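Colleague: This is the structure I want to talk about, given as C-alpha cells.
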Amino acid sequence: MFDDLIGKPYKENGRGPDWYDCYGLVLTVCHRLGIDLPDRKELLKVPFEKVEIKQPGDIVFIPPDHVGVMENKNMMLQVMIRHPVHRMRISHPWVKDRIEGFYRYAG
C-alpha cells in the first residue's frame, strides 16, 4: 500500500507527492488509511492517545522532534534529512531506545 512512497526524498515542509518531511509522510500515510490529520501547526489540538498495541497509522514519536508512522505492528515508515522514505523495524537499534511512545488519533 505504501511501496510508491519508498525512496521519495526529504524536503523541509514537504507534503508530497514528490518529497516529504517526517510529518508530511505521516499525513500521507494516515490519509490513505482513512485518518485525516491537520497540518503540523494545529497538531497540539488533535486528540491522541498513547497506545501499547500498535496498528497501522499509529504515530511513532522520537524526541525531540521526529515522527514516523506504523505500517504494521513491527515496521514503521520514516523520512529524514539524509534518508529518503524507508521502512524500519521498531526493534532496530537506531530507534528502539529512542522511541518515546506510540500514539493513535482519538478524534
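For the sequence shown, this note's numbering begins at 165 and goes up steadily by one.
Even for Gly, the Cβ is constructed at its ideal location relative to N, Cα and C.
All values derive from a computational prediction rather than experimental measurement.
(1) Quick check on Ile-210: does DSSP put it in helix, strand or coil?
(2) Identify whether Arg-268 lies in helix, strand or coil by the three-state DSSP scheme.
(3) Can you find the residues in the same chain that come closer than 6 Å, C-beta to C-beta, to Pro-173, ignoring five residues on each side of it along the sequence?
(4) Would Val-233 and Val-259 be called neighbours here (beta carbons separated by less than 7 Å)?
(5) Between the Cα of Glu-264 and the Cα atoms of Lys-175, Leu-201 and Ile-226, which residue gives the shortest distance?
(6) So for Pro-248, helix, strand or coil by DSSP?
(7) Gly-188 by DSSP, collapsed to three states: which one?
Modeller: So, from the data block:
(1) As a first step, residue 210 is located in the sequence shown; it is residue number 46 there, counting from the start. For the record, residue 210 in the displayed sequence is Val; it is not Ile. Coil, per DSSP.
(2) On the sequence shown, residue 268 is found 104 positions in, with the first residue counted as 1. Reduced to three states, the DSSP call for Arg-268 is strand.
(3) On the sequence shown, position 9 is the one that residue 173 refers to. Closer than 6 Å at the Cβ level, and outside the excluded window around Pro-173, lie Trp-183 and Pro-248.
(4) On the sequence shown, residue 233 is found 69 positions in, with the first residue counted as 1. On the sequence shown, residue 259 is found 95 positions in, with the first residue counted as 1. Contact: no.
(5) On the sequence shown, position 100 is the one that residue 264 refers to. Of the candidates Lys-175, Leu-201 and Ile-226, the one whose C-alpha sits nearest the C-alpha of Glu-264 is Ile-226.
(6) As a position in the sequence shown, residue 248 is number 84, starting the count at 1. Three-state result, Pro-248: strand.
(7) If you number the sequence shown from 1, residue 188 lands on position 24. DSSP places Gly-188 in helix when its eight states are reduced to three.
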